[in-house]
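A short worksheet on the structure shown next.
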Amino acid sequence: MFNYLLYGPLVAKVVQSRAWEEGGQKDAWCLHILILCALRGFIHVLWCSYSNMHFLTRTRRILQQGVDFKQIDREWHWDNFIILQGFMACIAYYSFPFLGNLPLWNSKGCIYALLLHVGVSEPLYYWIHRSLHSNYLFKNYHSIHHASAVPQSLTAGNATPLEHLILGLIIGIPTLGVSLVGYGSVVMIYGYILIFDSLRCLGHSNVEVVPHWIFRIFPFLRYLLYTPTYHNLHHKEMDSNFCLFMPLYDALWNTINRKSWELQEKISSGKNAREPDFVFLVHCVDIVSSLHVPLFLRSFVSLPFETRIFLLPLWPLAFVVMLILWVSSKTFMVTSYYLRGRLHHTWCVPRYGFQYFLPFALDGINNHIEDAILKADKTGVKVISLAALNKNEALNGGGTLFVKKHPNLRVRVCHGNTLTAAVIINEIPKDVKEVFLTGATSKLGRAIALYLCRRSVRVLMLTQSTERFQAIQMEAPKEYQSYLVQVTKYQAGQHCKMWVVGKWLTPGQQRWAPPGTHFNQFVVPSIISFRRDCTYGELAAMKLPEDVEGLGTCEYTMPRGVVHACHAGGVVHLLEGWTHHEVGAIDVDKIDPVWQAALKHGLKPV
1 MFNYLLYGPL
11 VAKVVQSRAW
21 EEGGQKDAWC
31 LHILILCALR
41 GFIHVLWCSY
51 SNMHFLTRTR
61 RILQQGVDFK
71 QIDREWHWDN
81 FIILQGFMAC
91 IAYYSFPFLG
101 NLPLWNSKGC
111 IYALLLHVGV
121 SEPLYYWIHR
131 SLHSNYLFKN
141 YHSIHHASAV
151 PQSLTAGNAT
161 PLEHLILGLI
171 IGIPTLGVSL
181 VGYGSVVMIY
191 GYILIFDSLR
201 CLGHSNVEVV
211 PHWIFRIFPF
221 LRYLLYTPTY
231 HNLHHKEMDS
241 NFCLFMPLYD
251 ALWNTINRKS
261 WELQEKISSG
271 KNAREPDFVF
281 LVHCVDIVSS
291 LHVPLFLRSF
301 VSLPFETRIF
311 LLPLWPLAFV
321 VMLILWVSSK
331 TFMVTSYYLR
341 GRLHHTWCVP
351 RYGFQYFLPF
361 ALDGINNHIE
371 DAILKADKTG
381 VKVISLAALN
391 KNEALNGGGT
401 LFVKKHPNLR
411 VRVCHGNTLT
421 AAVIINEIPK
431 DVKEVFLTGA
441 TSKLGRAIAL
451 YLCRRSVRVL
461 MLTQSTERFQ
471 AIQMEAPKEY
481 QSYLVQVTKY
491 QAGQHCKMWV
501 VGKWLTPGQQ
511 RWAPPGTHFN
521 QFVVPSIISF
531 RRDCTYGELA
541 AMKLPEDVEG
551 LGTCEYTMPR
561 GVVHACHAGG
571 VVHLLEGWTH
581 HEVGAIDVDK
591 IDPVWQAALK
601 HGLKPV
């Protein structure tokens, strides 16, 4: 992030000019350069956000796979070219001081800039770009730009300094050239540079935004403006479509890819979408964490979520978005990835965590979940897995409500809690003889208690409800029922060093655990790591297989490539081809088979 300090001299010059020099206008162009750099970066980020709005662009995406972590890391410093070309602008300004006295507007200048672009910049770029594809230059310079599998607007900035110097020259020919002959203006320079960047982002967007009917009505227009499909073919095949923005020059020198127009028509018609095999249905956790989505900042979402200072000023914006989503009636798609050739989607119910605890909101939430299940069923999805509060027992009985209401569903509804229980159980050392369990009568607590008692582990079940405890105890085999013990106070765990936490613990409640205790938890949100003399486990999760493709987002606070166990449970359900619904109470007898199936398919415990 220290590269942004390179803007410091420009900022200092602007401050000095405004504060101490008469009139404060001598170095106005330093301010213009700063504003242009900010606007250029903003344009690239906006285009990237639009490309990642899967709910808007899914049917017109050119390449269906997502951007993976390797590409995100490779393009992390995509905006360095803006700094470099900002320096070039500074050199031009101090070499030609008259640029500081340009008028605001000159209509002739805009016309001459267009002529210079079409007559000089376009053919010059064409031949330079074509030369960059020669063996030596491609291997040593241009291959970096083509290393990205899925072009996005930020890919446009991922190149070597030599290429960005050349691009700065291409931009400078119309802007500086028109100014040198006396027709330059502030509006012309701003307009040309920002339109230039917008068209670059258009070509790299991976979303076909140009309707094909325009080319049917105006056939010659296809030679005046390239499309994302046209440029994507260049990235894919690299032996054609070398133009900057105008395919006319590819036509003149016979380097147009023959598939360009046919493919553009197909994709622009919205027929390039592929329906997913698996859907993971999530919801927003809180207002700030709702910004942890690809359509906000691609780099931010590629790291595990944590509250950062730069998010705080954006809280009002996120709050307004929350209100919009509150009245929204549609589930939207967030991200996707491929595993074993199957397409996996993450859909989001437009609701936030606190809304699940508002009594008047429950029916509306269930309606959203039901609509998502029916949509998945209609589109041919094989498995839909419910995340977090979407499968709350009090809300819909862990998905039972929807299965009973729609008995003929083809899509399998899966809460994934069987694998969650398996992950928690397998994190408990085999030699443990006693466990203190909170949230003991919950869906997961019940399954964990029944499984552990069969392993001759004494389970201290913290619950005030004797009736619910006895119901669980009666489910255990008679010879193991004595291993289940009801306790009503946290003091009962003061001699037990293995706490399995299914209900949030305050610092005061944690004090009852003896030194050296390990808190293994399945409570959302995670408990605070208050005790330095104890250890704390993370939420149940599994690492996806190594052959996952197109995954570039971290699932909430999880590390890269790691997903919550309920998500992994749905993946296993799909890969195994199981035809039953996994809803309601957890079948204890299926915990071991589900765990073995997960390991068989390459999922790994964290």
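Here the UniProt record's numbering is used: the first residue of the sequence shown is 1, the next is one more, and so on. Beta carbons are placed, not taken as given, at the ideal position from N, Cα and C, and that holds for glycine. Please read these numbers as outputs of a predicted model, since none were measured by experiment.
Distance between residue j and residue i (C-alpha atoms, nearest Å)
i: Val588; j: Gln481; result: 15 angstroms
i: Tyr183; j: Phe96; result: 14 angstroms
i: Phe87; j: Phe81; result: 10 angstroms
i: Met322; j: Cys284; result: 9 angstroms
i: Ala361; j: Gln355; result: 7 angstroms
i: Leu311; j: Val288; result: 7 angstroms
i: Asp592; j: Ile528; result: 30 angstroms
i: Glu237; j: Ala149; result: 12 angstroms
i: Ile217; j: Ser269; result: 16 angstroms
i: residue 674; j: Ala394; result: Outside the shown range of the chain (1 to 606) lies residue 674, about which nothing can therefore be said.
i: Asn347; j: Leu281; result: Looking at the sequence provided, one finds Trp at residue 347 rather than Asn. Roughly 5 angstroms separates the two Cα atoms.
i: Trp213; j: Ile256; result: 20 angstroms
i: Arg74; j: Thr155; result: 9 angstroms
i: Arg274; j: Leu339; result: 14 angstroms
i: Ala251; j: Ile144; result: 27 angstroms
i: Val186; j: Gly109; result: 10 angstroms
i: Glu40; j: Thr506; result: The sequence given here has Arg at residue 40, not Glu. Cα to Cα, the separation comes out at about 48 angstroms.
i: Pro103; j: Cys30; result: 16 angstroms
i: residue 607; j: His204; result: Because the chain in this structure spans residues 1 to 606, residue 607 falls outside the shown range and cannot be described.
i: Gln152; j: Tyr230; result: 14 angstroms
i: Gly24; j: Val11; result: Bear in mind that the predicted position of Gly24 carries a pLDDT of just 49, short of 50, making it too unreliable to give a figure here.
i: Lys375; j: Met333; result: 12 angstroms
i: Asn426; j: Phe530; result: 24 angstroms
i: Ala28; j: Ser179; result: 16 angstroms
i: Arg410; j: Lys382; result: 7 angstroms
i: Gln491; j: Leu5; result: 55 angstroms
i: Ile111; j: Ile193; result: 15 angstroms
i: Lys404; j: Ala38; result: 55 angstroms
i: His518; j: Leu574; result: 33 angstroms
Identity of the residues DSSP links to residue i by a beta bridge
i: residue 651; result: Any property of residue 651 remains undetermined from this structure, which presents the chain solely from 1 to 606.
i: Met461; result: Leu437, Gln486
i: Ala541; result: His564
i: residue 609; result: Residue 609 is absent from the model: the chain starts at 1 and stops at 606.
i: Val349; result: His283
i: Tyr338; result: Leu343, Glu549
i: Cys414; result: Ser385, Glu582
i: Phe278; result: His344, Val383
i: Met333; result: Trp347
i: Val207; result: Arg61
Under 7 angstroms between C-beta atoms of residue i and residue j
i: Ala598; j: Glu576; result: no
i: Thr553; j: Pro294; result: yes
i: Pro276; j: Leu225; result: no
i: Leu248; j: Tyr223; result: yes
i: Phe220; j: Tyr126; result: no
i: Tyr352; j: Gly66; result: no
i: Val594; j: Thr418; result: yes
i: Gly570; j: Cys414; result: yes
i: Ile424; j: Asn232; result: no
i: Val432; j: Val500; result: no
i: Ala541; j: Thr420; result: no
i: Leu544; j: Asp68; result: no
i: Trp504; j: Val523; result: yes
i: His142; j: Leu132; result: yes
i: Ala89; j: Ile170; result: no
Supposed contact pair residue j and residue i - C-beta distance, whole angstroms, cut 8 angstroms
i: Val583; j: Gly398; result: 5 angstroms
i: Gly537; j: Gly502; result: Going by Cβ atoms, the distance from Gly537 to Gly502 rounds to 12 angstroms, so no, they are not a contact pair.
i: Ser121; j: Pro174; result: 6 angstroms
i: Val349; j: Ile365; result: 7 angstroms
i: Gly177; j: Ala92; result: Between Ala92 and Gly177 the Cβ distance is about 11 angstroms, and since that is not below 8 angstroms, they are no contact.
i: Ala387; j: His567; result: 7 angstroms
Counted within 10 angstroms of its Cβ, other Cβ atoms place residue i as buried (16 or more) or exposed
i: Pro407; result: exposed
i: Val15; result: exposed
i: residue 637; result: Outside the shown range of the chain, which is 1 to 606, sits residue 637, and nothing can be said about it.
i: Arg200; result: buried
i: Gly8; result: exposed
i: Asp286; result: exposed
i: Lys378; result: exposed
i: Arg60; result: buried
i: Asn392; result: buried
i: His107; result: The sequence as given places Ser at residue 107; His does not occur at that position. When all chains shown are included, Ser107 counts as exposed.
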